[in-house]
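So the protein lines, in turn, are chains A and B.
Position in the first sequence (from 1) plus 171 gives the number in the numbering used here.
Position in the second sequence (from 1) plus 171 gives the number in the numbering used here.
Number of protein chains: 2
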Amino acid sequence: MKVHILGCGSALPTTRHSLSAQVLELSGKLFLIDCGEAAQLQFRRTRLNFNRISDIFISHLHGDHCFGLPGLISTLSLLGRTAPLRIHAHPDLERLLRPQLGYFCRELGFEVVFQPFSPHSHELIYEDRGLRVYSLPLIHRVPSTGFLFKERPGSAHIVREMTDFYKIPLRELPAIKAGADYVTPEGEVIPHERLTRPAAPPRSYAYCSDTAYNEALIPMIAGVDLLYHEATFARSEEDWAATTQHSTAAQAGKIAAGAGAGRLLIGHFSARYEDENLLLREAQAVFPQTMLANEGMTVEI
Amino acid sequence: MKVHILGCGSALPTTRHSLSAQVLELSGKLFLIDCGEAAQLQFRRTRLNFNRISDIFISHLHGDHCFGLPGLISTLSLLGRTAPLRIHAHPDLERLLRPQLGYFCRELGFEVVFQPFSPHSHELIYEDRGLRVYSLPLIHRVPSTGFLFKERPGSAHIVREMTDFYKIPLRELPAIKAGADYVTPEGEVIPHERLTRPAAPPRSYAYCSDTAYNEALIPMIAGVDLLYHEATFARSEEDWAATTQHSTAAQAGKIAAGAGAGRLLIGHFSARYEDENLLLREAQAVFPQTMLANEGMTVEI
């Protein structure tokens, strides 16, 4: 599980930061999270494969989080994509994007499937064999939603030396992987735990941007391995953060600490900061395992 | 008169080229020509002032020439613009862009004025005290239009030494600048030419992208100082250029040579060329005063 940062600036772009977009990579699939303008150009720089993008998750309908969609979809079409592309977003997105696609992407070789979610509830919005994604209601000037990506628990690993020792037939292995004990022809019970190593603990990633300070998030993301939380402002702009419904770096740190997160990655930096180390220090004072996001960065979970 | 290249790639973006966009700078005003995705990010790199953009000219409604508009307009709004922004484009653009602006730019502090033009006629579409802009019908898969920017002829410059010598009253100077002779109190006629230096010859710039090879352009841009002409393909792809209604570098050279242009700037490079020097050589073989466009480049006219 890896996160690739494509853009971590806020609405006003700078020469140092691009607009919000990132990629979660898991088992060969790519999940795009937000798609600000130029996301496709930033994606190209990662050398990841456009055709591996399976789903796009859009947090909210502010331009700096979704204006990159028409360009990305056009490019996927030029690259010959045929697989459907699912976009999980606020229900309004389809009505805004369909006329654009109808006019500019008349020869689209694949289907764009809108999967709207309610921005107000915390629920399962995506599921495949390896992953579940839950929505996280955020607090912002327009309905805004975070995403919790949770790897599904894997099955135990068979210990080959033990199954050889007990001469266990191959046809018994799936049941043992799934949790069964083994009973020898002589009637001896070999417990599951002696035949297997436990699966690696499932990994998790939470994306929370844009949002005001919101303690209600804490139980929903408890124990998350990596939390990306917006940190638009420094402590000196705490009032302005509240007015614009953004968070300070220290508030991001408080959410991470409250949730017992493994690590915190902060981003969505206001253009006013020439040097985000101020934000880093303010978050680290509350939650030491904090990192600054940056374009081109990859974080392994 | 200067041209700043923001992007000179074709539809499929690469790590080397951004999407079509450039800025014509004249007498402190900035005219944006095409606005592909990320034009605002490229503009930011030029260190030009966003508030000096007075008009935007959109050649045609393919995404790689206009998907940057919503982001740019949002940014102008965040920067506090109040002056109206004129967009000269195919009539369909307004119907496509208005719903986006209505949703994403609810608090726009300035007016966006659409000035539609017919893509099929060659006519005056913009005029101010210093500049006239004419549309140039192009040949492409959708209606496409080039733009000829022609500086208006200036008035002559007064030669101070001569007006002092003849003790010419200040109130006579505007008439002399405009072309009048001066008659001394003694009745002597001092010809206009002795009192003035002629104005600098008016400069001109033509932008022709996207288009198939189109000889009808030649008389419309005869004598232009600088011609930007698309050169998507090399000679080996001439058939494919015709199919997709683009030009080869050699065809761009032929248009420049036919029009007696001062210089030719080629761009809109296909992503298939790792090194555009092939295109440069093919154009130069026909028209030696050819240059390759590149992001961040400024050409003085």
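Note that beta-carbon positions come from the ideal geometry of N, C-alpha and C, so glycine has one too.
Within-9 Å CB hit, residue i to chain B
| i | result |
| --- | --- |
| Tyr274 of chain A | yes |
| Leu212 of chain A | yes |
| Pro345 of chain A | no |
Contact set between residue i and chain A, taken where Cβ atoms lie within less than 7 Å
| i | result |
| --- | --- |
| Phe281 of chain B | Those do not exist, as Phe281 of chain B stays about 16 Å from chain A at its closest Cβ, beyond 7 Å. |
Straight-line Cα distance separating residue j from residue i
| i | j | result |
| --- | --- | --- |
| Glu386 of chain B | Phe288 of chain A | 54 Å |
| Thr282 of chain B | Leu435 of chain A | The amino acid at residue 282 of chain B is misidentified as Thr; the sequence shows Glu. Near 42 Å, if we compare the C-alpha coordinates of Leu435 of chain A and Glu282 of chain B. |
| Pro255 of chain A | Thr461 of chain B | 44 Å |
| Ser230 of chain B | Asp226 of chain A | 33 Å |
| Phe228 of chain B | Asn220 of chain B | 18 Å |
| Ser306 of chain A | Asp205 of chain A | 14 Å |
| Pro373 of chain B | Thr185 of chain A | 36 Å |
| Ala430 of chain B | Glu208 of chain B | 31 Å |
| His259 of chain B | Gln286 of chain B | 5 Å |
| Ile329 of chain B | Leu341 of chain B | 11 Å |
| Leu240 of chain B | Ala182 of chain B | 16 Å |
| Ala383 of chain B | Ile437 of chain A | 48 Å |
| Ala428 of chain B | Gly242 of chain B | 38 Å |
| Arg300 of chain B | Gly199 of chain B | 13 Å |
| Ala346 of chain A | Lys321 of chain A | 25 Å |
| Leu309 of chain B | Pro390 of chain B | 13 Å |
| Pro290 of chain B | Leu279 of chain A | 25 Å |
| Phe318 of chain B | Asn465 of chain B | 20 Å |
| Val304 of chain B | Val470 of chain B | 19 Å |
| His439 of chain A | Ala377 of chain A | 15 Å |
| Ala351 of chain A | Met333 of chain A | 15 Å |
| Pro362 of chain A | Lys338 of chain A | 15 Å |
| Ser441 of chain A | Ala413 of chain A | 14 Å |
| His417 of chain B | Pro314 of chain B | 13 Å |
Within-9 Å CB hit, residue i to chain A
| i | result |
| --- | --- |
| Leu201 of chain B | no |
| Asp381 of chain B | no |
| Arg331 of chain B | no |
| Asp263 of chain B | yes |
Proximal residues of chain B, C-beta to C-beta of residue i below 9 Å
| i | result |
| --- | --- |
| Arg374 of chain A | Those within 9 Å of Arg374 of chain A in chain B number zero; the least Cβ separation is about 30 Å. |
| Arg312 of chain A | Result: empty, since nearest Cβ-Cβ is about 10 Å, beyond 9 Å. |
Same chain, Cβ closer than 7 Å to residue i, five either side skipped, listed in chain order
| i | result |
| --- | --- |
| Arg406 of chain A | Thr419, Ala421, Glu453 |
| Gln211 of chain A | Gly239, Gly242, Leu243, Thr246 |
| Ser326 of chain A | Lys348, Ala349, Ala370 |
| Arg252 of chain A | Asn222, Gly280, Phe281 |
Contact list for residue i against chain B, beta-carbon separation under 7 Å
| i | result |
| --- | --- |
| Leu267 of chain A | Pro270, Gln271, Tyr274 |
Cβ neighbours of residue i in the same chain (closer than 6 Å, five flanking residues each side left out)
| i | result |
| --- | --- |
| Leu203 of chain B | Val194, Ile224, Ile227 |
| Lys425 of chain B | Val457 |
| His236 of chain A | Ser191, Asp205, Gly207, Ser230 |
| Ala432 of chain B | Val395, Leu398 |
| Gln455 of chain A | Thr461 |
Contact set between residue i and chain B, taken where Cβ atoms lie within less than 8 Å
| i | result |
| --- | --- |
| Arg223 of chain A | The premise fails here: Arg223 of chain A is roughly 17 Å from chain B at the closest Cβ pair, so nothing lies under 8 Å. |
Listed by chain order, chain A residues near residue i by CB distance under 9 Å
| i | result |
| --- | --- |
| Arg216 of chain B | Thr186 |
Cβ-based neighbour list, residue i, same chain, cut-off 8 Å, excluding 5 preceding and 5 following
| i | result |
| --- | --- |
| Cys276 of chain B | Pro241, Ile244, Ser245, Ser248 |
Inset, instruction - Using a Cβ-Cβ cut-off of less than 8 Å, give me the residues of the segment 225-253 of chain B that come near chain A, in sequence order. - result: Leu232, His233, Gly234, Asp235, Phe238, Gly239, Pro241, Gly242, Ser245, Thr246, Leu249, Leu250
Inset, instruction - Quick one: which residues of the segment 175-209 of chain B get their C-beta closer than 9 Å to a C-beta of chain A? List them in chain order. - result: Ala182, Leu183, Pro184, Thr185, Thr186, Ser189, Leu190, Gly207, Glu208, Ala209
Legend entry - Where the segment 443-459 of chain B meets chain A: residues whose CB sits under 7 Å from a CB there: none
Inset, instruction - Using a Cβ-Cβ cut-off of less than 8 Å, give me the residues of the segment 410-430 of chain B that come near chain A, in sequence order. - result: Flagged: no residues at all.
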